[in-house]
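Heads up: the structure comes next, in structure tokens.
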Amino acid sequence: MFITISDVLNMEGFEDVEVLAGEAGLSRRVENVYFMEVPDIYTYIDQNGLLLTTLYPVADKPEHIETLIPKLAELNLAGIAIKPGRYVAEIPTIMVEQANELGIPLIKLPDGANLSTLTNQVLTKFLDVKTSLLEFRNKMHQQLLELLLEGTDVNKFVHSIASLVNAPVLLLNNDFEYVGSSLHNEHKISIQHKAYNSDASKSTFSVQVDNTVYDKNDLFIQCIFAGGNDYGFLVILLEKEKNLTEDLIIAIEQASFIIAFLFQTEQTLLQKERNHLSSFVRDIFHNQYTSQTEMIEKAKVFRWNLQFPLVLVSIKTNEKDSEKKLGIFHKMLDSGLIEGSASKMVDVPIENCKVLYTNDSLVCFISLVSEKNVRKKLQNLGDTILTLFEKNGHLGVSISDTVHHFNQMKEYYDNSTLVFQVYKEHLQKQSYVHFYGDIGLFRLFHYVDNLYMLEDFVTEKLGKVFEYDKKKNTNLLETLKYYIKNNTNVQKTAEDMFVHYNTMRYRINKLKELGIDGEDGFELTEISLAYQLHQYLQLKKG
2 MFITISDVLN
12 MEGFEDVEVL
22 AGEAGLSRRV
32 ENVYFMEVPD
42 IYTYIDQNGL
52 LLTTLYPVAD
62 KPEHIETLIP
72 KLAELNLAGI
82 AIKPGRYVAE
92 IPTIMVEQAN
102 ELGIPLIKLP
112 DGANLSTLTN
122 QVLTKFLDVK
132 TSLLEFRNKM
142 HQQLLELLLE
152 GTDVNKFVHS
162 IASLVNAPVL
172 LLNNDFEYVG
182 SSLHNEHKIS
192 IQHKAYNSDA
202 SKSTFSVQVD
212 NTVYDKNDLF
222 IQCIFAGGND
232 YGFLVILLEK
242 EKNLTEDLII
252 AIEQASFIIA
262 FLFQTEQTLL
272 QKERNHLSSF
282 VRDIFHNQYT
292 SQTEMIEKAK
302 VFRWNLQFPL
312 VLVSIKTNEK
322 DSEKKLGIFH
332 KMLDSGLIEG
342 SASKMVDVPI
352 ENCKVLYTND
362 SLVCFISLVS
372 EKNVRKKLQN
382 LGDTILTLFE
392 KNGHLGVSIS
402 DTVHHFNQMK
412 EYYDNSTLVF
422 QVYKEHLQKQ
432 SYVHFYGDIG
442 LFRLFHYVDN
452 LYMLEDFVTE
462 KLGKVFEYDK
472 KKNTNLLETL
482 KYYIKNNTNV
492 QKTAEDMFVH
502 YNTMRYRINK
512 LKELGIDGED
522 GFELTEISLA
532 YQLHQYLQLK
542 KG
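Those letters in the sequence shown? Residues 2 to 543, per the working numbering, in order.
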């Protein structure tokens, strides 16, 4: 709620005034009243002021009269009211022209106007408005506080805010992603936000509800901030062509304080629950439970339907900074997207999925309903996780073997984390999804500290092939891979590599010339081992 020039003109004492120019500015906001007692008035007034004057200080200074309104316009003055007669016979034509051009209301006061009385009228109105605003603020605060004391949650509170301000309300997170709203679920809501770090003025933001688009002019956005933390945004959808009122601004500001408190409270409770959950899982890993039934019953405290068989999906980030890393993991936890995706893609109830932070990574426990096509489902889940959180940097997803008994949980968890150690360097360059069961001999190679010894063995067995490929620009090493994979079956190897049988025979003979003997089973085993060692060493080199 505020006062405009139009409001002033409707006050007692202003009945006989005449608006000579600047009608376009009648909606200008008035926040103070000033008298002009000196020519150099400009340092004594602020924007949105109403200037009352007889022009006495500049009556005999035409050059000052000609610059008065342009300079007041630069200060964003609300308007100027002049009482002619005593010092100037009529308001100068130049001032009328300038006021029209600049959109500043120019008001002619009648002969009997008392400037002090008019000023008191406006200031009294200011006081009434401020008192009304204060009363409204207190009333709004009391209503919102009562909602809080009734034990409302964030979702109910958003609906209550919408009722108080009589407008739809959206709740967004810090990334301008939709979290909830006062609208019914059947509405389709999409958020469009594009930020420009170099020029904030170019940033765009709009909301679409079904077929209706709300741009910046149709929205009021209030930051939810408390205790040095940003919790997101309240977005009010305004009616088209409807002005934003000060009452609404006050209501939303008050609401943002309360909702920030609700967020703080919910996060505190959530963090306590997560701490207890982590402690529970640590007890499982340290064999503190001797009964599977006891463990399953304890899990129900966390709304977790822990059953067997289950799999563990572990997630690691390449972020080095500890604080940023925790921020990424907490964001992933808060989103609920991992449990939701696991439930949907592995086809299990969401209560069968539980995600927690432990040992510098996230772990998602998924109790399976069926093991049919489970590998394909888990692969899709891993790929989905990478897509959902790709803007957080490179992620590694490790999937354990299936756990059939609670005594296996610690062992299978450790196995899945071994994937992270094997692919440590790889994670710095790109994201991945790997099953523990697929790393084969890599799980043994990892425990050999002397990499030079491994490289010597690879060179001894495959060095001539490396040299030949480099010199002739060929790829006999790939031929060797398929040859080993197909158990030295030349026909099958040719088919897999899409080459003629005779071409493949030539390549196999060339491999024999280079020392690759496919007829000696023991030698072929060492060649196969050397090839896998080569893959492992390439992986370690990143």
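Positions of the beta carbon are idealized from the N, C-alpha and C atoms, including for glycine.
Determine, using beta carbons only, whether Phe262 and Ala300 come nearer to each other than 8 Å. no
The stretch 110–125 in contact with the stretch 11–22 per 3-pair CB rule at 8 Å: Result yes; three or more Cβ-Cβ pairs closer than 8 Å.
Boundaries (first-last residue) of the beta strand (DSSP E) holding Phe206: Thr205 to Val210
By how many angstroms is the C-alpha of Leu249 removed from the C-alpha of Gln422? 55 Å
When DSSP builds the beta bridges, which residues end up paired with Leu51? For Leu51, which the question treats as bridged, DSSP gives the partners Val34 and Gly80.
Please confirm if the stretch 370–380 is in contact with the stretch 411–418, defined as three or more CB-CB distances below 8 Å between the two stretches. no
Based on Cα-Cα distance, which residue from Val159, Val208 and Ile400 lies nearest to Ser257? When each option's Cα is compared against that of Ser257, the closest is Val159.
Asp231: first and last residue of the uninterrupted beta strand (DSSP E) it sits in: Asn230 to Leu238
From which residue to which residue does the alpha helix (DSSP H) around Gln308 run? From DSSP, Gln308 is part of no alpha helix (DSSP H); its letter is neither H nor E.
Inter-stretch contact at 8 Å, needing at least 3 Cβ pairs: the stretch 46–53 / the stretch 116–127: yes
Does DSSP put Gln533 in a helix, a strand or coil? helix
Decide if Glu340 is buried, meaning its Cβ has at least 16 other Cβ atoms within 10 Å, or exposed. buried
Alpha carbon to alpha carbon, what distance is there between Gln492 and Tyr502? Near 6 Å, if we compare the C-alpha coordinates of Gln492 and Tyr502.
Cβ distance (whole Å) where Thr460 is taken to contact Tyr469 below 8 Å: Not quite, the Cβ-Cβ distance comes to about 14 Å (not below 8 Å), so this is no contact.
CB Asn101 to CB Gly229, shorter than 8 Å? no
How many Å lie between Lys326 and Gln193 at the Cα? Approximately 27 Å, taken between the alpha carbons.
Are there 16 or more other CB atoms within 10 angstroms of the CB of Gln431, so buried, or fewer, so exposed? exposed
Buried or exposed for Thr44, please, with buried defined as at least 16 other CB atoms from any protein chain shown within 10 angstroms of its CB. exposed
Cβ-Cβ separation, Ile222 to Val155 (assumed contact under 8 Å), whole Å: Incorrect: roughly 18 Å between the Cβ atoms, too far for contact.
Could you give the distance in angstroms between the alpha-carbon of Tyr290 and the alpha-carbon of Met296? The straight-line gap separating the alpha-carbon atoms of Tyr290 and Met296 is approximately 6 Å.
Cβ pair Phe1, Ile400 closer than 8 Å: No statement about residue 1 is possible, as the shown extent of the chain runs from 2 to 543 and does not include it.
Report the partner residues of Ile190 according to the DSSP bridge assignment. Val210
Got a sec? Which residues, its chain only, sit under 6 Å from Phe264 by beta carbon, not counting five neighbours each side? Tyr232
Coarse secondary structure for Val347, derived from DSSP in three states: helix
How would you label Ser199, buried or exposed, when you count the other beta carbons within 10 angstroms and need 16 or more for buried? Because the pLDDT at Ser199 is just 49, under 50, the model does not fix this residue reliably, and the value given afterwards should be weighed accordingly. When all chains shown are included, Ser199 counts as exposed.
Nearer than 7 Å: is that true of the beta carbon of Leu478 relative to any heavy atom of the ligand SAM? This structure lacks the ligand SAM, and indeed carries no ligand of any kind.
Tell me the DSSP secondary structure of Tyr215 in three-state form. strand
Can you tell which of Thr294, Leu173, Leu128 and Leu165 has its C-alpha closest to the C-alpha of Ser336? Leu173 is the residue among Thr294, Leu173, Leu128 and Leu165 whose C-alpha sits nearest the C-alpha of Ser336.
Should Val236 and Val208 be called a contact, given that it needs their Cβ atoms to be closer than 8 Å? yes
Assuming Ser342 and Ile386 make a contact with CB atoms under 8 Å, what is their CB distance in whole Å? 7 Å
May I ask you to list the residues that DSSP assigns as paired with Thr359? Ser362
Assign Arg436 to one of three DSSP states: helix, strand, or coil. Here residue 436 turns out to be Phe, not Arg, going by the sequence shown. Phe436: strand per DSSP, three-state reduction.
Applying the criterion that 16 or more other CB atoms from any shown protein chain within 10 Å of the CB defines a buried residue, is Ile6 buried or exposed? buried
Would you list the one or two residues that DSSP bridges to Lys321? According to DSSP, which records beta bridges pairwise, Lys321 is partnered with nothing at all.
Going along the chain, which unbroken runs of the alpha helix (DSSP H) with 4 or more residues stay wholly within the stretch 448–497? 452–473, 477–486 and 491–497
Runs of beta strand (DSSP E) wholly within the stretch 65–131 (minimum 3 residues, chain order): Qualifying beta strand (DSSP E) stretches, in chain order: 80–83 and 107–109.
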